[in-house]
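In terms of the UniProt record's numbering, the sequence shown opens at residue 1 and continues consecutively.
Backbone N, C-alpha and C fix where the C-beta goes; we use that ideal spot for every residue, glycine too.
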Amino acid sequence: MTQKLKILTAVDLSDYSAATVRYGIWMAEKTDAELILINVINQRDLDMVRRAMVGYDSFSFPNYLEEQINDRKIKMQELFDGVAHGEINCSYLVKDGIPYYEILETIKVEAPSMLILSTKGRSNLADVVVGSTARKLFRRCTIPMITIPATYAQVP
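Written as structure tokens, this is what we have:
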């Protein structure tokens, strides 16, 4: 019995995420694969919130993190539901830490067949062709990667 393919799709919830999710869904349909959408809350952002909220007794960092995780799962599900039109098994992961590292760790645990991600991310800097997370993953990823250019509009 062969194991079902898994496709890991990195979603940063930027303007480029919809095309990446559409491509992940298309690829999952074509290969009869399970789709895993992953979002990583950047540790740098969490550290900034933690520092900014020091001294506010009413602020609970664990509650804040839980809210962020739940909100991001909902947003990923909305992205998926807005595009999916078949029976695709999709799961949603939200991690916190250094984005490229958490994606690599998820690859070790989930053992997907491929990784799909956008070449650009949240920063949306005009002169940056490849985002920092994508660049680090290019060098370290142990599975095939499919990158979706920021200007790619012809997703099947």
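- Residue 100 holds the alpha-carbon nearest to the alpha-carbon of residue 119 among 100, 58 and 76.
- In the structure shown, residue 96 adopts extended strand secondary structure according to DSSP, grouped into three states.
- Around the C-beta of residue 59, fewer than 16 other C-beta atoms lie within 10 Å, and the residue is accordingly described as exposed.
- By the Cβ criterion, the segment 109-117 is not in contact with the segment 47-55, since fewer than three pairs of Cβ atoms, one from each stretch, lie closer than 8 Å.
- Assigned with DSSP and collapsed to three states, residue 120 falls in coil, not helix or strand.
- Within the same chain, 19, 20, 23 and 118 come within 6 Å of residue 148 by CB-CB distance, once the 5 residues on both sides are set aside.
- Where residue 147 is concerned, the enclosing beta strand (DSSP E) starts and stops at 145-148.
- At the C-beta level, residue 4 and residue 41 stay beyond 9 Å of one another.
- In the three-state DSSP reduction, residue 53 falls in the coil class, being neither helix nor strand.
- For residue 41, the three-state secondary structure derived from DSSP is strand.
- Residue 4: not part of any alpha helix (DSSP H); DSSP gives it neither H nor E.
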